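As structure tokens, the structure follows; a few thoughts come after it.
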Amino acid sequence: MAGKDSKFCIDERLREKEFGVLDRLTRVGIEARFPEHAEFRRLLDNRSWNVWLG
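In structure tokens form, the structure reads like this:
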């Protein structure tokens, strides 16, 4: 267990990224059935790469 002098960091990249209804669908399937989710995932993916690339 961590002591009271322990520090922690919240890393946004480690959060859950799946959305239930999208499980087992390909990118093309998501775009066809749930275009609003496809756009949201596209924005999330771009933001994730920006964290790594600066």
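Residue numbers (my numbering): 10 to 63.
The beta-carbon is built from N, C-alpha and C at its ideal position, and this holds for glycine as well.
Note that this is a predicted model, so its numbers are computed, not measured.
What does the Cβ neighbour count give for R19, buried or exposed, with the cut at 16 atoms within 10 Å?
Checking the sequence, you will find Ile at residue 19 rather than Arg. The residue in question, I19, is exposed, as its Cβ has fewer than 16 Cβ neighbours within 10 Å.
Ends of the alpha helix (DSSP H) at R36?
36 to 42
Return the CA-CA distance between P44 and E21, expressed in angstroms with no decimal places.
24 Å
With DSSP as the reference, label D54 as helix, strand or coil.
helix
Are the Cβ atoms of I39 and L31 separated by less than 8 Å?
yes
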